[in-house]
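Step one of this worksheet: look at the structure below.
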Amino acid sequence: MDNIERRDKEMAYISDDSVMEEQKVCRKILQRLNTVDRSDFDEIGKIVKELLGKSDGAFINPPFYCDYGSHIEVGKNFFANYNCTIIDVAKVKIGDNCQMAPNVAVYTAGHPIHPVSRNSLYEYGISVTIGDNVWIGGNTVIMPGVHIGSNTVIGAGSVVTKDIPDWVVAAGNPCRVIRQITDEDKKYYYKDREFDPEAWEFISSLK
Numbered sequence: 001m002d003n004i005e006r007r008d009k010e011m012a013y014i015s016d017d018s019v020m021e022e023q024k025v026c027r028k029i030l031q032r033l034n035t036v037d038r039s040d041f042d043e044i045g046k047i048v049k050e051l052l053g054k055s056d057g058a059f060i061n062p063p064f065y066c067d068y069g070s071h072i073e074v075g076k077n078f079f080a081n082y083n084c085t086i087i088d089v090a091k092v093k094i095g096d097n098c099q100m101a102p103n104v105a106v107y108t109a110g111h112p113i114h115p116v117s118r119n120s121l122y123e124y125g126i127s128v129t130i131g132d133n134v135w136i137g138g139n140t141v142i143m144p145g146v147h148i149g150s151n152t153v154i155g156a157g158s159v160v161t162k163d164i165p166d167w168v169v170a171a172g173n174p175c176r177v178i179r180q181i182t183d184e185d186k187k188y189y190y191k192d193r194e195f196d197p198e199a200w201e202f203i204s205s206l207k
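Structure follows, in structure tokens:
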């Protein structure tokens, strides 16, 4: 079995020349994305589409970093803010209407703990899944193998080492559930600040 097959089966593998050749394709696209005129939103959208393949309304504020791009699957209206890093050795699946604040990092990759094993050059990738309508706060790190449920908010500065369920606010290092999200939260835009009548009229019309 070659190292690409091993990598894609989430087995220990070595980043040999064949693996690096795949990464070169991604790096050429990233070079264009990360040097494009930041005000040329149309061009940014086109490059993001080329990088991620199947996507609908995805937008990434450069700079952005990943290993393959083709291992990242996003739903409708994906948005990642400045300096996002997705190390997509394994599959990263992200649902509809997901937002990532600046400096979010998603890591599917890792190395053995023991130095002898680590120095063998074997590494691994374990997939990450993020549901629909998820907001990831700034400077959050998501570790290999994690599943984040739908309609959930991850607070800024979190390190997500374990699965997080649907409909919760979770934060911290390690990230833990703080509370449920309920219909009562709908009328607030920040902490105890309620939407004004004009904004609330529009929000009330949404499902």
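Read in order, the letters of the sequence shown are residues 1 to 207 in UniProt numbering. Every residue gets a Cβ at the ideal spot worked out from N, C-alpha and C, and that includes glycine.
In this structure VAL160 is in contact with ILE142, their Cβ atoms being roughly 5 Å apart against a cut-off of 8 Å.
In the three-state scheme derived from DSSP, where H, G and I count as helix and E and B as strand, MET1 is classed as coil. For the pair THR129 and ALA105, the CB atoms are not nearer than the 9 Å cut-off. In this structure, the beta-carbon distance from GLY110 to PRO144 falls below 9 Å. Judged by their CB atoms, SER127 and GLU198 are not nearer to each other than the 9 Å cut-off.
Between VAL134 and ILE94, the gap from beta carbon to beta carbon is short of 9 Å. For the pair of segments examined, the segment 18-26 was found to touch the segment 63-83: the number of CB pairs separated by less than 8 Å reaches three. The beta-bridge partner set that DSSP reports for GLY138 is empty.
By the 16-neighbour rule on beta-carbons within 10 angstroms, SER120 is exposed. Looking at the DSSP output, GLU73 sits in a beta bridge with LYS93. Boundaries of the alpha helix (DSSP H) around GLU21: 17-33.
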